[in-house]
Amino acid sequence: MKNRIDACFEKLKAENKKALVTFITAGDPDMDTTEKCVLEMYKNGSDIIEIGVPFSDPIAEGATIQKASLRSLSGGTNLDKIFDLVRKLRTQTDKPMLLMMYINTIFKFGTAKFFELCKETQIDGVIVPDMPFEEREELEGEAEKNGIYTIFLVAPTSHERVKMIAEKSKGFLYVVSSLGVTGMRSEITTSFLRLSEMKTTALAVLVLEFQILSRQRKCPNMLMALSWEVLLLKLLRNTAKTLLNMLASLSSLFVRAWTTKHNNSKGSEKCISQSHIFMQKQDPDKIEVL
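First residue of the sequence shown? That's 1 in the numbering used here, and the numbers climb one at a time after it.
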């Protein structure tokens, strides 16, 4: 059976649409409310939902999610109750669901038992922000055994590691939009040019993470900026190809005019003809814009 995440993105691609992936902390303020919120999120446009597993020391989270986790834990939330929640949700929706959590929670619960329950309750993937890519074997074996995707993350500081991580990704690649912990920001200044280049190679589906500051904030603006960077990259490449073709044509005309006028000057003719041959050998499709 195809993973729901893959099926979701294939359907959206066929319809020329983007995915909306949303997050909620399980058990804040209680499980009944979480159940209702998840269903409302799907009803109002969410394609995939990340259910956050509360943790006592959420090092990647800002104040908002820290407080949500504290309220949830204070109410007695644990993994068994979260799996019970997912069972209830699965009787009401077949859309993709993921758990977002810290690796110690999985270790304490038992890695094999955890992924077996993920399979039983039909969780589609797991996001573990504090698991380094190079240590993915800690979970990957049990995850693959049970058909659960482990979603990898990249950040603005990942640089040359992006391609390596993307090639091993399943489901989608979680793109952290800015440095620091999660939380509200008045603006996002990260350049996504490197990720835009990676997107054109179709190595992985990219899901860009960001937070909403207020009701008035226009979230698509940042996504629009990413689209403009892709467009600019393509424009620069096409311009470079056009300029090279023009230069080669002008060089050809120049050589023909020169050799006609100076057909007795063999040394000069040879020198310029070699320059023309060099220009002809340049392949515009292999031009790189840095």
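Beta carbons are placed, not taken as given, at the ideal position from N, Cα and C, and that holds for glycine.
Keep in mind that this is a model prediction, so the values were computed, not measured.
According to the DSSP secondary-structure assignment, VAL21 is paired through a beta bridge with ILE48. Contact check between the stretch 141 to 152 and the stretch 66 to 81: fewer than three CB pairs, one atom from each, fall below 8 Å, which does not count as touching. With respect to ILE24, ILE48 sits apart: the two C-beta atoms are not nearer than 8 Å.
Closest by C-alpha distance to ARG4, out of LYS145, GLY125 and THR111, is GLY125. Distances from the alpha-carbon of ARG87 to those of LYS170, GLU120, SER169 and TYR102 put GLU120 closest. When C-alpha distances from ASP84 are compared across ALA155, MET164 and ALA26, the shortest belongs to ALA26. Here TYR42 is not bridged, per DSSP, to any residue. Rounded to the nearest angstrom, the Cβ distance from PHE55 to PHE172 is 23 Å, too far for a contact under 8 Å.
Put simply, the backbone Cα of ASN16 is about 15 Å away from that of VAL207. At least 8 Å separates the beta-carbon of MET100 from that of VAL162. Its Cα nearest to that of THR33, the residue ILE82 stands out among ILE82, LEU20 and LYS168.
DSSP places VAL205 in the coil class of the three-state scheme, outside both helix and strand. In the displayed model, THR150 falls within a strand according to three-state DSSP. Between PHE109 and LEU79, the CB-CB gap stays under 8 Å.
Looking at the DSSP output, LEU98 sits in a beta bridge with GLU50 and GLY125. Rounded to the nearest angstrom, the gap between the Cα atoms of SER69 and LYS11 is 33 Å.
The Cβ atoms of LEU153 and VAL176 sit closer than 8 Å to each other. Between ASP130 and LEU20, the alpha-carbon positions lie close to 23 Å from each other. Its Cα nearest to that of GLU144, the residue ALA112 stands out among LEU89, THR105, SER46 and ALA112. Each of LYS168, GLU137 and GLN92 was checked against the Cα of GLN122, and the nearest Cα belongs to GLN92. In its chain, beyond the 5 residues on either side, ASP130 have a beta carbon closer than 7 Å to the beta carbon of ILE59.
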